[in-house]
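Read through the structure below, which is laid out as structure tokens, and then see the notes.
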Amino acid sequence: MLIEKYIYLAIALFCIGIVGVLARRNAIIIFMCIELMLNAVNLLLVAFSKMHHAAAVAKGATAGIEGQLFVFFIMVVAAAEVSVGLAIIVMMYRNTHSVDVNFLNRLKH
Amino acid sequence: MNAIVISAVLGVVMMFCGVFTNSKPAVRFVAIIGLLGLLIANVLDMGGYHFFNVNVNGMLAFDIFGLLFNTIAFAATWIYFLLSGRDMERVGVNLAEYFALIFFVLCGIAIVSAFNSLLMLFLGIEIISIPLYILTGSDKRNLKSNEAALKYFLMGAFSTGIMLMGITLLYGAKGSFNMEVIRSGTTTLTPMLAAGLLLLLFAMSFKVSAVPFHFWTPDAYDGAPTVFTSFMATIVKVAGFIAFIRLFEGCFGEVHKQWQLLAAIITAATLFIGNITAVFQQSVKRMLSYSSIAQAGFMLFALVAMNETAKEGLIFYAAAYSLATIGIFAVLLKMKDYTFEGFNGLAKRQPVLAATNTIFLLSLAGIPATAGFWAKFYMLSAAINNGNVMWLVIVGVLCAAVSVYYYFRVIQAMYFKDGEPQEIETSRGFKGLLIVIAAVVVLLGIFPHWLINQLYSFFYL
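These protein sequence lines are chains A and B, in that order.
Numbering-wise, the numbering used here puts 116 at position 76 of the first sequence, and it's gapless, one number per residue.
Numbering-wise, the numbering used here puts 64 at position 63 of the second sequence, and it's gapless, one number per residue.
As structure tokens, this is what we get:
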């Protein structure tokens, strides 16, 4: 089991997320891409955690569960963020009947 | 620990306050008294009276630097409540909830000023950010507020994703989230470690709106209800810097030189873009949001210099900048017209407001005999002590000179231009408080060591 493969997969997912955030104009899709970034991080954290755990067991010590704990915190915070973010998007939709972020350019004046 | 527990409890208390009473003065009263209690509890914490003995497993470390910053942040928030508490009522009907959200932000600030594990850094920053998204969008019918909230939210969540990737890569390289482990082992740099540190640097630059990651700031600050912009642009922004400093303190072994160059470039760009763009603004509120970027540039000096002078200077800068900006925003809130023309002839109608506002603007511009001068002085001398970044000091001085132009434009409008009479309601207490704050700004400018010494002596009660 090579850790590199997990790193490549996570980086690929993360980059898809970043490109999506930068390129798409629909607020919901941008939001989904941000979630994709967070989940890429989760995947990588679990992989690293397993790697450190295996290394620690070989030395007779116990370590490497912190990364998996971190994943739970990311999930909880992401859920909180989703609830606030969707509320903001709904609020915006009620006022403009659109979820297109190009609307945002009006603020520049 | 006092500050974290009590601020979180106070947030819940404020929410219940909104359930049990509809009286706005009562809610405001509870918030002001509660925050005063929080401030006192934190000062007692500095003096060695810990109310809560929680085993944090080394995830939090309460040092004098963080507690001192907490005290300043809570005191500034208290002044902000007293000055602008009434203006929050005009944003919407949920006054108690706004106070509750601000208390939750303060809880986040207490966490980021004490984190010793990257997990706590992440949680603290999120606890600060999520209530702020709500506060930004709290003016629900106003399209500008909606757009600002959406933009702030998307950018904030995006930078959180980047920060998490940085944390993960650091974890992969080091096998721990603990700051001490990370500090001890960064002498040899692997690509994974370098990428992690770089991503963390970018994400934190997003949070403190350093150029080139500043583009969300003017829009979010301009669109948010002015009373909350005042809070976001001062206390929250400074808290970001405290986290920034704590994170990168001693994190770089052999790469210190290259990393310092990168930080210096970000600092120079922040100073330059912030100041130059502020010159061209027509609205005072928007000018203040660019000015907050420019001031962030000065606070970034602490990150470049990274020595004891820089840390103390950052605390002083936090106090000077927060006080002055909160004062200016409190005056701005009373105006109906936020353009420079709106300030025309203010000195004739409201001499007290104009005079105190002038002192705050002079302090932000860094004119001697105000707190802002010493704040900038500490930052520049920290950079000179460091010795490697003389060019940055010169850029800083030049940009401070540029900033005088747009601050003096407001003063010129107030004193030397005639405008149409504009009805401004102010109470006697409001004016008195403004005078007190202006006096503190001048006193800190004349006796700069007073504040630091006072707070240090509290620590050794």
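Virtual Cβ for every residue (Gly too), placed ideally from N, Cα, C.
Margin query: Tell me the rounded alpha-carbon separation between A331 of chain B and T230 of chain B.
Written below: Whole-angstrom Cα-Cα distance: 11 Å.
Item checked: Per-residue DSSP class, three states only, for D223 of chain B -> In this structure, D223 of chain B counts as helix in the three-state DSSP scheme.
Margin query: Taking only three categories from DSSP, how would you classify G214 of chain B?
Written below: A small correction: the amino acid at residue 214 of chain B is Phe; Gly does not occupy that position in the sequence shown. It is coil, neither helix nor strand.
Notebook entry, point to check: Within 8 Å (strictly less), CB to CB, does E127 of chain B reach chain A?
Noted result: Taking Cβ atoms only, chain A reaches closer than 8 Å to E127 of chain B, which makes this a yes.
Check: Assuming G86 of chain B contacts I33 of chain B under a Cβ cut-off of 8 Å, what Cβ separation, rounded to an integer in Å, is found between them?
Finding: At roughly 7 Å, the Cβ-Cβ gap stays under 8 Å, so G86 of chain B and I33 of chain B are in contact.
Next item on the list: Could you name the residues of chain B that F112 of chain A contacts, counting a contact when the two beta carbons are closer than 8 Å?
Entry: Close to F112 of chain A, with beta-carbon spacing below 8 Å, lies no residue of chain B; the smallest spacing is near 10 Å.
Note to self: Please tell me whether L362 of chain B has its Cβ less than 8 Å away from any Cβ of chain A.
What the structure shows: Cβ-Cβ to chain A under 8 Å: no for L362 of chain B.
Margin query: I'd like the list of long-range same chain contacts for L190 of chain B, defined as Cβ closer than 6 Å, with 5 residues on each side in sequence excluded.
Written below: Contacts found: V256.
Notebook entry, point to check: By a C-beta neighbour count over all protein chains shown, 10 Å radius and 16 as the cutoff for buried, is G162 of chain B buried or exposed?
Noted result: That one is buried.
Item checked: Continuous alpha helix (DSSP H) stretch holding V122 of chain A: start and end -> In the DSSP assignment, V122 of chain A falls within the alpha helix (DSSP H) that extends over E106 to T136.
Note to self: So with CB distances below 7 Å, who are the chain B contacts of E121 of chain A?
What the structure shows: Under the 7 Å cutoff, chain B gives I131 and A158.
Notebook entry, point to check: Any residues in the region 296–310 of chain B with a beta carbon nearer than 8 Å to a beta carbon of chain A? Which ones, in chain order?
Noted result: Under the 8 Å Cβ criterion, the region 296–310 of chain B contributes no residue.
Notebook entry, point to check: Taking the alpha-carbon positions, what's the L462 of chain B to F54 of chain A distance?
Noted result: Unreliable positioning characterises L462 of chain B in this predicted model, as indicated by a pLDDT of 48, which lies under 50. The coordinate reading is nonetheless provided below. Distance between the alpha carbons of L462 of chain B and F54 of chain A is about 51 Å.
Check: Just by C-beta distance, which residues in the region 66–87 of chain A are closer than 7 Å to chain B?
Finding: Those would be A67, I70, I74, M77, L78, V81, L84 and L85, in chain order.
Notebook entry, point to check: Given that A103 of chain A touches chain B, what residues does it touch there, using C-beta distances under 9 Å?
Noted result: Chain B residues near A103 of chain A: G176 and S177.
Notebook entry, point to check: Using the beta-carbon of each residue, which ones in chain A are nearer than 8 Å to L151 of chain B?
Noted result: Result: A67, I128, I129, M132, V141 and L144.
Item checked: Helix, strand or coil at D463 of chain B according to DSSP, with G and I counted as helix -> This structure cannot settle anything about residue 463 of chain B, because the visible part of chain B is limited to 2 through 462.
Check: So is E106 of chain A in contact with chain B if we call contact Cβ pairs under 8 Å?
Finding: Output row for E106 of chain A: interface = yes.
Notebook entry, point to check: Does the beta carbon of I447 of chain B sit closer than 8 Å to a beta carbon anywhere in chain A?
Noted result: Not closer than 8 Å to any Cβ of chain A, the Cβ of I447 of chain B fails to qualify, so no.
Next item on the list: Consider the Cβ of F281 of chain B: report whether some Cβ of chain A lies at a distance smaller than 8 Å.
Entry: Not one chain A Cβ lies under 8 Å of F281 of chain B.
Item checked: T357 of chain B and G328 of chain B closer than 8 Å at C-beta -> The beta carbons of T357 of chain B and G328 of chain B sit closer together than 8 Å.
Notebook entry, point to check: Just checking my contact of K1 of chain B with G241 of chain B at CB under 8 Å: how many whole Å lie between their CB atoms?
Noted result: Examination of residue 1 of chain B is not possible in this model, given that chain B is present from 2 through 462 alone.
Next item on the list: Flag R135 of chain B as yes if its beta-carbon sits less than 8 Å from any beta-carbon of chain A, otherwise no.
Entry: A small fix is needed here, since residue 135 of chain B is Ile in this sequence, not Arg. Look at I135 of chain B: its C-beta is under 8 Å from a C-beta on chain A.
Check: So L144 of chain B is in the alpha helix (DSSP H); what residue range does that whole segment cover?
Finding: Element bounds for L144 of chain B: L144 to K175.
Notebook entry, point to check: Are there 16 or more other CB atoms within 10 angstroms of the CB of N66 of chain A, so buried, or fewer, so exposed?
Noted result: By the 16-neighbour rule on beta-carbons within 10 angstroms, N66 of chain A is exposed.
Note to self: Against chain A, does G162 of chain B count as a neighbour if the rule is that its beta carbon must be under 8 Å from one of theirs?
What the structure shows: At a cut-off of 8 Å between beta-carbon atoms, G162 of chain B makes contact with chain A.
Notebook entry, point to check: Using DSSP with H/G/I as helix, E/B as strand and the rest coil, what is N179 of chain B?
Noted result: Residue state for N179 of chain B is assigned as strand, using DSSP reduced to three classes.
Next item on the list: Could you name each continuous alpha helix (DSSP H) segment of 4 residues or more that falls completely within the region 338–423 of chain B, going from the start of the chain to the end?
Entry: Entirely contained in the region 338–423 of chain B, the alpha helix (DSSP H) runs reaching 4 residues are, in chain order, 347–350, 352–366, 372–387 and 391–417.
Notebook entry, point to check: The alpha helix (DSSP H) spanning M77 of chain A covers which residue range?
Noted result: Counting along the chain, the alpha helix (DSSP H) containing M77 of chain A begins and ends at A67 to A98.
Notebook entry, point to check: For G35 of chain B, which residues of its own chain have a beta-carbon under 6 Å away from its beta-carbon, when the five flanking residues on both sides are left out?
Noted result: For G35 of chain B, same chain residues with a beta-carbon under 6 Å away, outside a window of 5 residues either side, are L11 in chain order.
Note to self: Against chain B, with Cβ distances strictly below 8 Å, would V97 of chain A count as a contact?
What the structure shows: Residue contact with chain B for V97 of chain A: absent (no Cβ-Cβ distance below 8 Å to any residue of chain B).
Next item on the list: Determine the direct distance from the alpha carbon of P132 of chain B to that of N71 of chain B, and round the result to whole angstroms.
Entry: Looking at the two C-alpha atoms, the distance is approximately 18 Å.
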